[in-house]
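In the numbering used here, the protein residues as written are 311 to 610.
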């Protein structure tokens, strides 16, 4: 009897040793979702409430995010935070997302498209992303504001939104592990960030034209690339930029540069451009959010 009891205790201890780490380890994934890179998106008809196809395409955006989220959970994620980061920040149909996620919505946000990221996350996924404003190719290519900005540089390097957002994640030592969008942003991101997983859901023909797969193919691709990314998660390195951070912004219009130069913290570098030096990317993020969102007519 005593021998049997000793054997049972030993077996339980062995079982606990084998299963406890897997049961207790947390794996947190952050998903930042834009819309220009979503399957089939080519013009403003799909991108805002005024567009006749917007309601259909916010369904596609939601399904792409859902595909990444479900695949992340299947691959071992224990927590997923999703940032609705396109337009008004109110695009995702949140009732269609898995119940065990949290969602960041609307603006302004100190960390812009990365609000909610911190050092507790293990990896970042970009869904529906697009190329930078200074790229000669890419569907709806722009950086932060297609109407206002002609270039955004960090420490002298022109950046897509993926680069700015990767730098914010890198500040917290979190790597980007996967991106979806057109072929141009996938190349742009991998050139900048390394061998991350990339789901190409369409191929750019021009600013307003693309060759695209169907939604179901896009969802399957995103699921597979998410699984691949999480399986390789230890391989990825955070994207770090040197501090302090020099931000250079070129506007498409003249007056923003002129007026912002009235601030002592801003240097006007040419007729359309300004320079701001931040202690780190977090300070730069707050400045970018300010210059792209502030209007004197703002009301509660």
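Just so you know, even glycine gets a beta-carbon here, dropped at the ideal spot from N, CA and C.
Fair warning: this is a prediction, and the values are worked out from it, not measured in the lab.
Alpha-carbon spacing of residue i relative to residue j, whole angstroms
| i | j | result |
| --- | --- | --- |
| residue 534 | residue 596 | 35 Å |
| residue 472 | residue 503 | 9 Å |
| residue 340 | residue 529 | 18 Å |
| residue 371 | residue 401 | 8 Å |
| residue 509 | residue 532 | 6 Å |
| residue 573 | residue 567 | 10 Å |
| residue 405 | residue 524 | 23 Å |
| residue 399 | residue 453 | 16 Å |
| residue 353 | residue 423 | 21 Å |
| residue 467 | residue 415 | 29 Å |
| residue 602 | residue 455 | 8 Å |
| residue 526 | residue 577 | 49 Å |
| residue 350 | residue 447 | 17 Å |
| residue 493 | residue 560 | 26 Å |
| residue 469 | residue 369 | 29 Å |
| residue 389 | residue 437 | 17 Å |
| residue 331 | residue 583 | Reliability fails at residue 331, whose pLDDT of 45 lies under 50, so the model's placement of it is uncertain and no value is given. |
| residue 420 | residue 570 | 19 Å |
| residue 333 | residue 342 | With a pLDDT of 48 at residue 333, under the threshold of 50, the modelled position of that residue is not reliable, and the figure given next carries that caveat. So the alpha carbons of these two residues sit roughly 27 Å apart. |
| residue 519 | residue 335 | 44 Å |
| residue 262 | residue 380 | Past the edges of the chain, shown from 311 to 610, lies residue 262, and the structure says nothing about it. |
| residue 429 | residue 460 | 32 Å |
| residue 624 | residue 434 | Here the chain comprises residues numbered 311 to 610, so residue 624 is not present and cannot be evaluated. |
| residue 413 | residue 498 | 27 Å |
| residue 511 | residue 418 | 29 Å |
| residue 539 | residue 506 | 7 Å |
| residue 375 | residue 407 | 8 Å |
| residue 575 | residue 521 | 45 Å |
| residue 464 | residue 442 | 13 Å |
Bounding residues of the beta strand (DSSP E) (the contiguous stretch that carries residue i)
| i | result |
| --- | --- |
| residue 526 | Careful: residue 526 lies outside any beta strand (DSSP E), inside the alpha helix (DSSP H) at 525–541. |
| residue 394 | 389–394 |
| residue 306 | Because the chain spans 311 through 610 in this model, residue 306 falls outside it and cannot be assessed. |
| residue 490 | 486–492 |
| residue 577 | 576–580 |
| residue 587 | 583–588 |
| residue 338 | 338–343 |
Residue i (DSSP reduced to helix, strand or coil)
| i | result |
| --- | --- |
| residue 553 | coil |
| residue 607 | coil |
| residue 514 | strand |
| residue 595 | helix |
| residue 480 | helix |
| residue 497 | helix |
| residue 561 | strand |
| residue 601 | helix |
| residue 507 | strand |
| residue 547 | coil |
| residue 405 | helix |
| residue 502 | helix |
| residue 356 | helix |
| residue 475 | helix |
Limits of the unbroken alpha helix (DSSP H) element including residue i
| i | result |
| --- | --- |
| residue 379 | 364–384 |
| residue 568 | 565–570 |
Option in the options with minimal Cα separation from residue i
| i | options | result |
| --- | --- | --- |
| residue 364 | 378, 376 and 348 | 348 |
| residue 482 | 547, 582, 469 and 369 | 547 |
| residue 513 | 590, 490 and 434 | 490 |
| residue 359 | 396, 376 and 391 | 396 |
| residue 611 | 380, 476, 446 and 587 | Absent from the model: residue 611. The displayed extent of the chain is 311 to 610, so no value can be given. |
| residue 485 | 549, 440 and 492 | 549 |
| residue 387 | 403, 411 and 407 | 411 |
| residue 432 | 609, 544 and 562 | 544 |
| residue 378 | 586, 522 and 392 | 392 |
| residue 444 | 507, 419, 428 and 495 | 495 |
| residue 440 | 384, 517, 539 and 610 | 517 |
| residue 558 | 591, 403 and 540 | 591 |
| residue 479 | 355, 511 and 551 | 551 |
| residue 366 | 345, 384, 610 and 385 | 345 |
| residue 580 | 594, 600, 593 and 562 | 562 |
| residue 373 | 361, 362, 394 and 463 | 394 |
| residue 384 | 537, 606, 609 and 442 | 537 |
| residue 458 | 408, 565 and 506 | 565 |
| residue 542 | 585, 599, 488 and 593 | 488 |
| residue 382 | 361, 337, 593 and 553 | 337 |
| residue 594 | 608, 357, 609 and 554 | 554 |
Test: residue i CB closer than 8 Å to a CB of chain B
| i | result |
| --- | --- |
| residue 386 | Of the protein chains in the structure, only one exists, and it is not chain B. |
Output the residue ranges of the beta strand (DSSP E) runs that lie fully inside the region 407–473 and measure 3 residues or longer, sorted by chain position. List check, beta strand (DSSP E) in window: 411–414, 433–439 and 459–464.
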